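All residue numbers for the sequence shown refer to this note's numbering, where the first residue is 188 and numbers rise by one.
Glycine included, every Cβ here is placed at the ideal spot set by N, Cα and C.
All of these numbers come straight from a predicted model, not from anything done at the bench.
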Amino acid sequence: MLEVQGIDLFYGASQALRRVSLSAAKGEVTCVLGRNGVGKTSLLRTIFGLLPIRSGQIRWEGKDITKLAPYDRARSGLALVPQGREIFPRLTVLENLETGFAVLPRRLKQVPDEIYTLFPVLKNMLGRRGGDLSGGQQQQLAIARALVMRPRLLILDEPTEGIQPSTIKDIERVIRILAAGREMAILLVEQYFEFARALADRYVVMERGEVVLSGSAGDMAEGDVRRFLTV
């Protein structure tokens, strides 16, 4: 469903991504792994149109979206859960969820019941401000807000960052359920191998702005992956 082909990204004279290619298929979890600073977040931001690439192509469901604005990519079925969550702290939980309505036609502007099944903790907090939630609750809210958009590609940027282990397990469970539904592709950026290993169908391993390993999780040796993650 998603094809990234040989993209180059520059920050001024500094090249951040070098000929990066990857794909993400419906019903699968594709994990992008690598140390801090190797270009993982930059890659996700280019896919969503938040950073302009110098060369290469991004295709979604067979269409070239390389030059589409971010809001048009969102309307095309892409949803991003950014690093740091970026919820609206002064809005209530319900109001945060409703910001996902922006890309939807009028008939779909309602929060699906599935959201509260996946994240039952949110149902009891709809009137609370987002800024009053714990870090783990805010992460669940950020993922739920993205799901309100009914995405066909869900992009998650380090969803385990700063989250306690029990909530990490909840997020792992949700990602597993979403992938099993086979209605969306999931692109997950992660720094911690154990979390990725539990979910990944495919790995893309980055080093210094380049893809150094990629392939099916079942075909890749754990040691080969881990050597690009250790400090």
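Q. Which whole runs of the beta strand (DSSP E) in the segment 288 to 361 are 3 residues long or more, in chain order?
A. 340 to 344
- request: Apply the 10 Å Cβ neighbour rule to D344 and answer buried if 16 or more other Cβ atoms are within range, or exposed otherwise.
  value: Taking all protein chains in view, the Cβ of D344 is crowded by 16 or more other Cβ atoms within 10 Å, so the residue is classified as buried.
Query raised in the report: Three or more beta-carbon pairs under 8 Å between the segment 306 to 313 and the segment 272 to 280, yes or no?
Result: yes
As a quick exercise: from T233, A203, I245, L238, pick the residue whose alpha carbon is nearest that of S210.
In terms of CA proximity to S210, I245 leads the group T233, A203, I245, L238.
(request) Using three-state DSSP, classify A372 as helix, strand or coil. (result) strand
Candidates R413, I240, G236, L295: which alpha carbon is nearest L267's? For L267, the closest of R413, I240, G236, L295 by C-alpha to C-alpha distance is G236.
K227 by DSSP, collapsed to three states: which one? helix
Exercise. Measure the alpha-carbon distance for S353 versus I342 and round it to whole angstroms.
Key: 22 Å
>> Here's the rule I'm using: 16 or more other beta-carbon atoms within 10 Å means buried, otherwise exposed. How should S229 be labelled?
In response: buried
>> On the DSSP letters alone, give me the boundaries of the alpha helix (DSSP H) that F415 sits inside.
In response: Run containing F415: none; DSSP gives neither H nor E here.
- [ ] Could you spell out the range, first to last residue, of the beta strand (DSSP E) harbouring R262?
- [x] Unbroken run through R262 is the alpha helix (DSSP H), 257 to 262; no beta strand (DSSP E).
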